[in-house]
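Residue numbering for the sequence shown follows this note's numbering, beginning at 1283 and increasing consecutively.
This report refers to the structure that appears directly beneath it.
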Amino acid sequence: MDDIDFGCTSCGKCCHDLRLALTIAEAIAWLERGGQMELICEAIPWPVEPEPGNAQAEYKRARSSPAMSGSLPVRISIVLAAAFGGACPNLHADMRCGIYEQRPLVCRIYPAEINPFVELVPENKGCPSDAWQGEPLQRQGMIVDATTVELIGQSRRANQLEAPLRMQVCLDLGLNDAALANEGFVMVSPDSDALLTALRRLHVTMPEAQTAAAQWTFVSNRTGTLETLLSVGATGHLAEPTMAGNARYHGFFPPS
Ligand code: SF4
Ligand code: SF4
1283 MDDIDFGCTS CGKCCHDLRL ALTIAEAIAW LERGGQMELI CEAIPWPVEP
1333 EPGNAQAEYK RARSSPAMSG SLPVRISIVL AAAFGGACPN LHADMRCGIY
1383 EQRPLVCRIY PAEINPFVEL VPENKGCPSD AWQGEPLQRQ GMIVDATTVE
1433 LIGQSRRANQ LEAPLRMQVC LDLGLNDAAL ANEGFVMVSP DSDALLTALR
1483 RLHVTMPEAQ TAAAQWTFVS NRTGTLETLL SVGATGHLAE PTMAGNARYH
1533 GFFPPS
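Quick look at the structure:
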C-alpha cells in the first residue's frame, strides 16, 4: 500500500457541495449559526446476529440502532449531516474557514478516512496534486499523523455513543422511513427549529427497549427489492417523486 504525505494548501475545494456528518454537539452549533441539516437514514436487515469476529458487521452494529420493520429485525443507521450546495456557509471569500477553531471533526480529519474499511485514495479527494506532499499522513496503510489519529478516534467514539440518540431524534420528529442499505438513502430536511429542540432535549434518554420496538418502513425505487423485503415480513413502499415531511429518496441504481 502506498505511503502518503500531505500538506493542506488551503485551496478550499473540500468546503463545497457537502453533507458533513456531525456529532450532536456540532449539529446544535451548526443550527444555532443558521445552517441547514439533513437526517440521512438507511436500514440493514438484521434477522440474526452475525458470527463473532466479523469486524465489518461489528462496526456497522456499533453505529446503528435496533428496530423492527414489520416482523423483520433491522438496524437503522442515521447520519446527522450539515448540508449545503456550493460554498460552505462558513467559508470566506479568501477560502479561510470562518469557524476554524470550532470546525467539525470531519473537516479536521479530511482527507483521511474515518471508516476503517474505506481506503484513502488521493485521486478520490478534492485536494490538488501539490497537497500530496509535506508531512507523513499514511505509512503501510495506517494513518500515522498523531493529530489525525486522535481525531479519527474521537469521531468514531462519538458516532458509536450517539447512535441511540440519533434514533431518538428521528422518533421524536416522527421519522421512520429508510432506504435499504447500499441501495440508497432517505434524506430528510427537517424544520431547523424542530430539529434543534429535539437535539437539545436529548439528555432525557429513551429506554433502548422503546427504540428497539420502533417500526421503520423501507423505501426503494426497485420493485424487486420491495418484493423481497415484503416476502420476509418487512414493511415498505415504492419511492415517490415527492415524499411527505421534506423527505426524498436518493437511489444508487435506476428505478426498476
Ligand atoms: S466548516 Fe470550515 S472547514 Fe468545514 S466545510 Fe465549512 S468552511 Fe470548510
Ligand atoms: S481540498 Fe485538500 S488541500 Fe484544499 S483545503 Fe481541502 S484539505 Fe486542504
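A virtual CB, placed ideally from N, CA and C, is assigned to each residue, including glycine.
(message) Only counting the same chain, and skipping five residues up and downstream in sequence, which positions put a Cβ closer than 6 Å to that of Val-1501?
(response) Asp-1459, Ala-1461, Val-1468, Ala-1521, Tyr-1531
(message) So, with DSSP's three-state summary, where would you put Tyr-1341?
(response) helix
(request) To the nearest angstrom, report how far apart Leu-1354 and Phe-1399 are at their CA atoms. (result) 27 Å
(request) Just the C-alpha distance for Ala-1496 and Ala-1349, rounded to the nearest angstrom, thanks. (result) 5 Å
(message) Please report the straight-line C-alpha distance between Gln-1384 and Tyr-1392, rounded to a whole angstrom.
(response) 15 Å
(request) Measure the beta-carbon distance from Asp-1287 to Glu-1417 and round it to whole angstroms, keeping in mind my assumption that it falls under 8 Å. (result) 6 Å
(request) Note down the Cα distance separating Ser-1347 from Ser-1359, rounded to an integer number of angstroms. (result) 7 Å
(message) Less than 6 Å separating the Cβ of Cys-1379 from some heavy atom of ligand 1?
(response) yes
(request) Compute every distance between the C-beta of Leu-1373 and the non-hydrogen atoms of ligand 1, then say whether any falls below 6 Å. (result) yes
(request) Could you spell out where the alpha helix (DSSP H) holding Thr-1429 opens and where it closes? (result) 1428-1443
(message) Is Cys-1409 a contact residue of ligand 1, with contact defined as CB to any heavy atom under 6 Å?
(response) no
(message) Just verifying my parser: in three-state terms, what is the DSSP assignment at Ser-1513?
(response) helix
(request) Using 6 Å as the cut-off, classify the Cβ of Lys-1295 as near or not near the heavy atoms of ligand 2, replying yes or no. (result) yes
(request) Indicate the three-state DSSP secondary structure (helix, strand or coil) for Tyr-1531 in the structure shown. (result) strand
(message) Taking only three categories from DSSP, how would you classify Gly-1367?
(response) strand
(request) Would you kindly work out how many angstroms separate the C-alpha atoms of Ser-1513 and Arg-1345, rounded to a whole number? (result) 27 Å
(message) Between Cys-1323 and ligand 1, is there a pair consisting of the residue's CB and a ligand heavy atom that are separated by less than 6 Å?
(response) no
(request) Can you give me the Cβ contacts of Asn-1397 inside the same chain, cut-off strictly under 8 Å, excluding the 5 residues immediately before and after it? (result) Tyr-1341
(request) Mark Ser-1351 as exposed unless 16 or more other C-beta atoms lie within 10 angstroms of its C-beta, in which case mark it buried. (result) buried
(message) Assuming contact is defined by CB atoms lying nearer than 7 Å, are Met-1424 and Thr-1493 in contact in what I supplied?
(response) no
(message) Only counting the same chain, and skipping five residues up and downstream in sequence, which positions put a Cβ closer than 7 Å to that of Cys-1290?
(response) Ala-1413
(request) Mind checking who Glu-1314 pairs with in its DSSP beta bridge? (result) For Glu-1314, which the question treats as bridged, DSSP gives no partner whatsoever.
(message) Rounded to the nearest angstrom, what separates Ala-1339 and Glu-1432 at their Cα positions?
(response) 23 Å
(request) Give the secondary structure of Met-1449 by DSSP, where H, G and I count as helix, E and B as strand, and everything else as coil. (result) helix
(message) Tell me whether the stretch 1469-1481 and the stretch 1327-1334 touch, counting them as touching only if at least three CB pairs, one residue from each stretch, are closer than 8 Å.
(response) no
(request) Pick helix, strand or coil for Glu-1320, following the three-state DSSP scheme. (result) strand
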